[in-house]
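Worksheet for the structure shown next.
In UniProt numbering, the protein residues as written are 1 to 150.
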């Protein structure tokens with residue numbers, strides 16, 4: 001796993017800072033939180049690339065880490081990268097707004113109503129799963145390797 005940079009600087013580099021601050025400005029007051037303080041948490045999160053074959057991205061709040069599949073960082077896949085980055089960022093926004101959402105039996109679901117509202121505010125379709133060709137290809141390669149091992 002290779003660390004890239006802070007989430008805050010990566011969002012800025014990709015041109016998404018205003019979307020994220022807009023979402024925080026909209027939703028933070030609804031739960032009695034300060035949007036600026038919440039955004040300062042983004043500098044504590046790191047970006048990493050990973051070859052996780054079953055996911056295009058994932059967030060690990062306890063590690064303060066967002067991982068993107070290496071294939072998303074290839075030129076020409078910016079749209080998929082951005083969708084995945086904002087998907088994982090929406091999870092982070094929910095974790096910051098509703099810390100109890102990290103508990104197993106929370107009323108706040110990972111891809112629930114709150115997450116869908118944040119996704120829409122970020123300008124994304126609130127799709128739970130991605131369906132990228134490179135993920136299917138990676139799964140097929142992994143399956144062939146597993147079947148070949150004896």
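Heads up, the beta-carbon is just placed ideally off N, CA and C, and yes, glycines get one too.
Note that the structure is predicted; figures quoted are calculated from it, not measured.
#### Entry: The beta strand (DSSP E) enclosing residue 60, as first and last residue numbers
Following the DSSP letters along the chain, one finds residue 60 inside the beta strand (DSSP E) bounded by residues 57-60.
### Query
Going by the CB atoms, is the gap between residue 20 and residue 97 shorter than 8 Å?
no
### Task
Evaluate residue 118 with the Cβ neighbour count: other Cβ atoms within 10 Å of its Cβ, from every protein chain shown; 16 or more gives buried, anything less gives exposed.
buried
### Task
Evaluate the contact criterion for the region 71-85 versus the region 99-107: three or more CB pairs, one atom per stretch, below 8 Å.
no
### Message
How far does the beta strand (DSSP E) with residue 66 in it extend, from its first residue to its last?
### Response
That run of the beta strand (DSSP E) goes 65-69.
### Task
Measure the CB-CB distance between residue 56 and residue 72 and report whether it falls below 8 Å.
Yes, Cβ-Cβ distance for residue 56 and residue 72 is below 8 Å.
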